[in-house]
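Working notes for the structure below.
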Amino acid sequence: MTAQREWFEKDYYKILGVADTATPKEITKAYRKLARESHPDANPGNSAAEDRFKEISAAYDVLNDEAKHKEYDEVRKMGPMGGFGGSGGQPGGYNFNAGDAGLGDLLGQMFTGGRQRRGGAASGVGPRRGGDLEASLTLTFEDAAKGLTTTLHLTADTQCSTCNGSGAKPGTMPHACGNCGGRGVVDDNQGFFSFSTPCPVCQGSGTIIDTPCPTCRGTGVERRPREVNVRLPAGVADGQRIRLKGRGAPGRNGGPPGDLFVVCKVAPHRLFGRDGKNLTLKVPVTFAEAVLGATIQVPSLDGLPVSLRLKPGTQPGSRHRIKGKGIISSSDAGDLIVTVDVVVPTTLSDDERAAVEQLAAADTPSPRQHLSD
Ligand SMILES: [Zn+2]
Ligand SMILES: [Zn+2]
4 MTAQREWFEK DYYKILGVAD TATPKEITKA YRKLARESHP DANPGNSAAE
54 DRFKEISAAY DVLNDEAKHK EYDEVRKMGP MGGFGGSGGQ PGGYNFNAGD
104 AGLGDLLGQM FTGGRQRRGG AASGVGPRRG GDLEASLTLT FEDAAKGLTT
154 TLHLTADTQC STCNGSGAKP GTMPHACGNC GGRGVVDDNQ GFFSFSTPCP
204 VCQGSGTIID TPCPTCRGTG VERRPREVNV RLPAGVADGQ RIRLKGRGAP
254 GRNGGPPGDL FVVCKVAPHR LFGRDGKNLT LKVPVTFAEA VLGATIQVPS
304 LDGLPVSLRL KPGTQPGSRH RIKGKGIISS SDAGDLIVTV DVVVPTTLSD
354 DERAAVEQLA AADTPSPRQH LSD
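Residue numbering for the sequence shown follows the working numbering, beginning at 4 and increasing consecutively.
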């Protein structure tokens, strides 16, 4: 009986700021203006605006429905009523105790129309997709390269556990929206054409919640810590957004859930760098190894050293590819790109000094000849 009781207590004309002689057109105009101002989309997180929006919607739900409007005016005429200023008489209005059978009968007769609509509530619910969520995840270089299955802990909107997402207080039922007859859409006739637009009263849900769930205030969602298991593919890059379809906020009225976006932060590695699917590594070699050529051992990401053969005359800064030792995904494998760094010693043993001096004394053509011509 909540909706009906509200009729006695609330002045819907005052709520919409119109005279009680207002035409349907004036009522709709006033409603649209107020609904725009207090719409939850325009006031995210503002519960006062949300309450105001619900109040406006409830007022419009009644005044915009010809039958309900008429019944409401009858109820008002029945005054005195506590809620209506200026109607005079005793404060407090009617007594709504359950034992008041006389009034119950009266209301029963007056509101049969409203009751019959309740039956259609479930069939007219408009599904709405849940929102997308974003979470950040810091990965080690190795985990990013090899792929990872992990558990994300997020505090996010999830289906309300009190009302299982219906938005209605447990034990109560949402009723079909009177404005759209529970369809969630209204027809907008323009000449020959008829367009369906989301119902402004129920915002396309097709239902009106009389008694909102106390946990979620009728939204059907609540913020709760939540664990999500995620499997990240091999080769995730720093800053990459991974989309996990259907792992976001739950949908409403049977709508699909949103997506979860995981923003990956990849920690740098002590040795390796990344170039797409390839790994990069800088390897110091001695002057002798560069000049004479050598087979050296270089580390790989899987922990096992791999051999790299340098030919005689290897240049500083030259790049050498080791196939298949990069990032290995299910479809392909990157390479390990080794950049050679020739180390010039700053201190020499006597033997080394003697050897280098012997090299210097050899009849080596100047590498700077082209600069002096
Ligand atoms: Zn709830
Ligand atoms: Zn509706």
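For every residue, glycine included, the Cβ atom is placed at its ideal position computed from N, Cα and C.
Being a predicted model, the structure only gives us computed values, none of them experimental.
Of the listed residues the options, nearest to residue i (C-alpha basis)
i      : options                           : result
Asp14  : Pro47, Asp146 and Leu66           : Leu66
Ala70  : Asp135, Lys32, Gly181 and Leu339  : Gly181
Ile212 : Gly251, Ala52, Pro368 and Cys166  : Cys166
His272 : Ser333, Ala62, Ala148 and Gly185  : Ala148
Leu274 : Leu37, Thr143 and Pro27           : Thr143
Gln206 : Val21, Arg131 and Asp68           : Arg131
Pro217 : Ala179, Gly251, Gly168 and Gly242 : Gly168
Thr222 : Arg234, Val231 and Ser208         : Ser208
Asn281 : Leu339, Arg220, Pro308 and Arg226 : Leu339
Asp344 : Ala364, Lys285 and Thr298         : Lys285
Asp305 : Glu77, Ile331, Ala240 and Ala51   : Ile331
Glu225 : Ala171, Thr161 and Arg244         : Thr161
Arg227 : Glu145, Leu157 and His178         : Leu157
Thr342 : Asn232, Gln243 and Ala293         : Ala293
Lys57  : Asp146, Asp68 and Arg39           : Arg39
Thr283 : Ile18, Ala364, Gly337 and Asp241  : Gly337
Gln318 : Gly329, Pro287 and Ala364         : Pro287
Thr141 : Ser303, Ala358, Gln243 and Val359 : Gln243
Ala240 : Glu360, Leu247 and Arg277         : Arg277
Lys32  : Pro43, Tyr16 and Glu77            : Tyr16
Gly279 : Ile299, Leu295, Gly320 and Ala237 : Ala237
Exposure of residue i, with buried meaning 16 or more beta-carbon neighbours within 10 Å
i      : result
Asn49  : exposed
His373 : exposed
Pro260 : buried
Ser369 : exposed
Thr235 : Checking the sequence, you will find Leu at residue 235 rather than Thr. The residue in question, Leu235, is buried, as its Cβ has 16 or more Cβ neighbours within 10 Å.
Leu307 : exposed
Phe198 : exposed
Leu263 : buried
Pro177 : buried
Ala22  : exposed
Thr210 : buried
Asp146 : buried
Gly88  : In this prediction, Gly88 has a pLDDT of 35, which is less than 50 and means its spatial position is unreliable; what the coordinates show is noted afterwards. When all chains shown are included, Gly88 counts as exposed.
Lys36  : exposed
Asp68  : buried
Leu409 : The structure shown has nothing for residue 409, since the chain only spans 4 to 376.
Arg250 : buried
Beta carbon of residue i nearer than 7 Å to that of residue j
i      : j      : result
Gly133 : Gly254 : yes
Thr214 : Thr175 : yes
Val301 : Leu313 : no
Leu136 : Ala252 : yes
Ala138 : Val265 : yes
Val347 : Ile325 : no
Arg220 : Ala159 : no
Val204 : Ser60  : yes
Tyr34  : Tyr75  : no
Ser41  : Ala52  : yes
Ala179 : Gly185 : yes
Counterpart residues of residue i in DSSP-defined beta bridges
i      : result
Leu232 : The residue you asked about is not Leu; residue 232 is Asn in the sequence shown. In DSSP, Asn232 forms a bridge with Thr154.
Val347 : Paired residues: none, contrary to the question.
Cys216 : Cys216 pairs with nothing; no bridge assigned.
Phe264 : Glu137 and Arg246
Val189 : Thr200
Arg55  : In the DSSP output, where bridge partners are listed per residue, Arg55 has none listed.
Ile340 : Thr283 and Arg324
Arg227 : Ala159
Arg277 : Leu282
Gln206 : Answer is none; Gln206 lacks a bridge partner.
Leu1   : There is no way to answer for residue 1, as the model of the chain reaches only from 4 to 376.
Leu311 : Ile299
Thr289 : Val346
Ala38  : For Ala38, which the question treats as bridged, DSSP gives no partner whatsoever.
Ile211 : His178
Minimum Cβ-Cβ distance from residue i to chain B less than 7 Å
i     : result
Asn49 : Within the model displayed, chain B is absent; a lone protein chain is all it includes.
**OP:** May I have all residues whose beta carbon comes closer than 5 Å to any heavy atom of ligand 2, sorted in chain order?
**Re:** Cys180, Asn182, Cys183, Cys202, Val204 and Cys205
Subject >> Within 5 Å of ligand 1: residues by beta-carbon to any heavy atom >> reply: Cys163, Thr165, Cys166, Cys216, Thr218 and Cys219
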